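What follows is a single structure, written as structure tokens, with notes after it.
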Amino acid sequence: MSTAVTVGIIGVGHLIRHMVPAMVRSSHRFILSARGRKTSSRLADQYDLEIAESNQDIVNRADIVILSVRPFDAVAVVTDLEWRDGQTVLSFCAGTGSAELALHIAPAKLVMAMPVVAAQFKESPTLLYPDNMACRTLLETCGPVIALASEEQFSPASVIACYYGWVHELVGQVSAWLSEHGIEPDVARQLVAQMTRAAATSVRERIDTSVEELLAELATPRSFTAAGLEILHREDSFAPWRHAADHLVDQQKS
Ligand SMILES: NC(=O)c1ccc[n+]([C@@H]2O[C@H](COP(=O)([O-])OP(=O)(O)OC[C@H]3O[C@@H](n4cnc5c(N)ncnc54)[C@H](OP(=O)(O)O)[C@@H]3O)[C@@H](O)[C@H]2O)c1
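No gaps in the numbering here: position 86 of the sequence shown is 85 in numbering that gives the first Met the number 0, and each next residue is one more.
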């Protein structure tokens, strides 16, 4: 008979609030850190989970310890704790790599992941490095897991978790434009959200056709799609998206 994996969570905030509803679908046992008591208590009540006395209590009992504190707190939080061999620290801390964390959690091993809050709906494309079966099994409750080949790839790839946020702004702007043209706000929101999802689904599913070709099928000469796209390119609308991504990678290097 296999024994349940114990998952401890240090840092029960915004991200974890949206991941726990998905992760509890696994057969794992979960222990939450007490800090952020309001969220911990709510999750503990809702999903019948345990709240630990201290972070060391979590480390003593968990096979996998999720670290989900803010990046600038991460090193201080793990440095105070005594880790053990055979244990895995699954860090969600953006921009905090193995050079900063691995030494402080030895002899436990570090695995890094970058989920997003759509985990709640099993829609988080979660980055993982290095690939690790136990972490993959846990994170797959939240959506597709995408393992990377090297840690160098983690920094630029994790910028896409911010892109996930930026798309909300785009959806909001386009929805507002629709509302200004007489569409009820809730109808506008649904239409734009579903159209965004429809484009993403085409790109995800039609993998034998390049994104350029998919677009060329839509933006045919004299089409409305092509006319709008011409204006977006003329006004250099996509360059700022690259600048924002470059900025975040530069920030992670400094
Ligand atoms: N939110 C997202 O969508 C998202 C997406 C991808 C990655 N991430 C990463 O996930 C991490 C968490 O982000 P978040 O948005 O969930 O932040 P958050 O809402 O601020 O949650 C962090 C939690 O950690 C707690 N904490 C701080 N020090 C602690 C300690 N010593 N022991 C136990 N808990 C402690 C905080 O408590 P206090 O409030 O009392 O300080 C807070 O409840 C970050 O590193 C972020 O980069 C977040």
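Positions of the beta carbon are idealized from the N, C-alpha and C atoms, including for glycine.
Everything numeric in this text was worked out from a predicted model, so none of it was measured.
Answer yes or no: do V115 and S123 have a C-beta to C-beta separation smaller than 8 Å? Position 116 of the sequence shown, counted from the first residue, corresponds to residue 115. Position 124 of the sequence shown, counted from the first residue, corresponds to residue 123. In this structure, V115 places its C-beta atom within 8 Å of the C-beta atom of S123.
Which word fits V166, buried or exposed, when buried means at least 16 other C-beta atoms lie within 10 angstroms of its C-beta? Within the sequence shown, residue 166 is the residue found at index 167, counting from 1. With fewer than 16 other Cβ atoms within 10 Å, it is exposed.
Determine, using beta carbons only, whether L169 and C134 come nearer to each other than 8 Å. Taking the sequence shown and counting its residues from 1, one reaches residue 169 at position 170. Taking the sequence shown and counting its residues from 1, one reaches residue 134 at position 135. Not in contact: L169 and C134 (Cβ atoms no closer than 8 Å).
Can V23 and Y46 be called in contact, C-beta distance under 8 Å? Translated into the one-based positions of the sequence shown, residue 23 becomes position 24. Translated into the one-based positions of the sequence shown, residue 46 becomes position 47. In contact: V23 and Y46 (Cβ atoms closer than 8 Å).
If we count the other Cβ atoms within 10 Å of its Cβ and call it buried at 16 or more, is G164 buried or exposed? Locating residue 164 in the sequence shown gives position 165, where the first residue counts as 1. Under this definition G164 is an exposed residue.
For L102, is the classification buried or exposed, using 16 other Cβ atoms within 10 angstroms of its Cβ as the cut-off for buried? For the purposes of this step, residue 102 is taken as residue 103 along the sequence shown, with counting starting at 1. Exposed is the call here.
Locate the alpha helix (DSSP H) running through F71, then write down its first and last residues. Within the sequence shown, residue 71 is the residue found at index 72, counting from 1. Residues P70 to T78.
With respect to the beta strand (DSSP E) encompassing K121, which residues constitute its N-terminal and C-terminal limits? For the purposes of this step, residue 121 is taken as the residue at position 122 of the sequence shown. Per DSSP, K121 belongs to no beta strand (DSSP E) and is neither H nor E.
Going along the chain, which unbroken runs of the alpha helix (DSSP H) with 4 or more residues stay wholly within the region 81-138? 97-104 and 132-138
Where does V19 fall in DSSP's three states? Position 20 of the sequence shown holds residue 19. Residue state, collapsed to three classes: helix.
Indicate, with yes or no, if ligand 1 has a heavy atom lying under 7 Å from the CB of V58. Here residue 58 refers to the residue found at position 59 when the sequence shown is read from its first residue. No.
State buried or exposed for L231, treating a residue as buried only when at least 16 other CB atoms are found within 10 Å of its CB. For the purposes of this step, residue 231 is taken as the residue at position 232 of the sequence shown. Result: exposed.
F29 - DSSP class collapsed to helix/strand/coil: Locating residue 29 in the sequence shown gives position 30, counting from the first residue. In the structure shown, F29 sits in a strand (DSSP, three-state: E or B).
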